[in-house]
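Trainee:
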Amino acid sequence: MRCVVYRILQAVVVALTLMTAPVQAEVVVVCNASLSVADRLNPAILARIYTGRTIQIDGISVLPVNLAPGTPERSLFLQHIMGQNDDEYIGYWLVRKSIGRGTPPQEFKNAAELQNYIRSTPGSIGYIDKQHLESGVRSLFRIP
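In case it helps, mature numbering (1 follows the signal peptide of the UniProt record, and there is no 0) puts the sequence shown at residues -25 to -1, 1 to 119.
1. Rounding to the nearest angstrom, what Cα-Cα distance links R71 and D14 in this structure?
2. Taking 6 Å as the limit between beta carbons, can you name the residues of its chain near I56, skipping five residues before and five after?
3. Given Q81, which residues of its chain have a CB within under 6 Å of its CB, disregarding the five upstream and five downstream residues?
4. Answer with buried or exposed for Q(-2), where buried requires no fewer than 16 other C-beta atoms within 10 angstroms of its C-beta.
5. Quick one: residues in its chain with C-beta nearer than 7 Å to the C-beta of E48, no 5 flanking neighbours on either side, listed in chain order?
6. According to DSSP, simplified to helix, strand and coil, what is I118?
7. Do you know offhand how far E63's Cα is from P44's?
8. DSSP has D104 in a bridge; who is on the other side?
9. What number of angstroms, rounded off, separates the C-alpha of V4 from the C-alpha of G58?
10. Pick helix, strand or coil for L10, following the three-state DSSP scheme.
11. How long is the line joining the alpha carbons of P97 and N7, rounded to whole angstroms?
12. Assign S73 to one of three DSSP states: helix, strand, or coil.
13. S36 by DSSP, collapsed to three states: which one?
14. Measure from the alpha carbon of residue 120 to the alpha carbon of each residue in S9, I30 and V12, then state which is nearest.
15. Cα separation between V12 and S73?
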């Protein structure tokens, strides 16, 4: 009898753990559908774009946009592409802006707003959770 009760308790604990486990977003990099240099984008080039070090690729202007600080997608993007957390990235742009070396990418509250902007702005690049991907933007690659 003790063994049965123990097994039931184990099953309940496992079930509760699975129910409360955080779900990690599957983040994809997206761009304006007409961006002709989209096939040249990779994580290294993205890092240069998101730090303001690259603003054109083969003469085509690229314009990065971000989701708001604290969103899981932004955290994943910064970690895997930039090797930074939110505070480090914000600090980077505070310094850069204060010495007159650019302004940080525009930020959007959610994937819908970000995609509306990308859809209507040539050269724009961003990232979203794949489950929110809408038509009219081009999905480039998944962030691990």
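Using N, Cα and C, we set each Cβ at its ideal position, and we do this for glycine too.
Here the structure is a predicted model, which means the values were calculated and not measured.
Mentor: Let's see:
1. Distance between the alpha carbons of R71 and D14 is about 29 Å.
2. Excluding sequence positions up to five before and after I56, its CB lies within less than 6 Å of the CB of P18, L21 and A22, all in the same chain and listed in chain order.
3. Excluding its 5 nearest sequence neighbours in each direction, Q81 has C-beta neighbours in its own chain below 6 Å: V40, listed in chain order.
4. Residue burial is scored here from C-beta neighbours: Q(-2) has fewer than 16 other C-beta atoms within 10 angstroms and is therefore classed as exposed.
5. Cβ within range, chain order: A(-1), V2, L42, Y102, I103 and D104.
6. Residue state, collapsed to three classes: coil.
7. Looking at the two C-alpha atoms, the distance is approximately 11 Å.
8. Its beta-bridge partners are V2.
9. So the two alpha carbons sit approximately 16 Å from each other.
10. DSSP places L10 outside both helix and strand once states are collapsed to three, so it counts as coil.
11. Whole-angstrom Cα-Cα distance: 6 Å.
12. Helix.
13. Strand.
14. The displayed coordinates of the chain run from -25 to 119. Any statement about residue 120 would go beyond what the structure contains.
15. For V12 and S73, the gap between their C-alpha atoms comes out near 31 Å.
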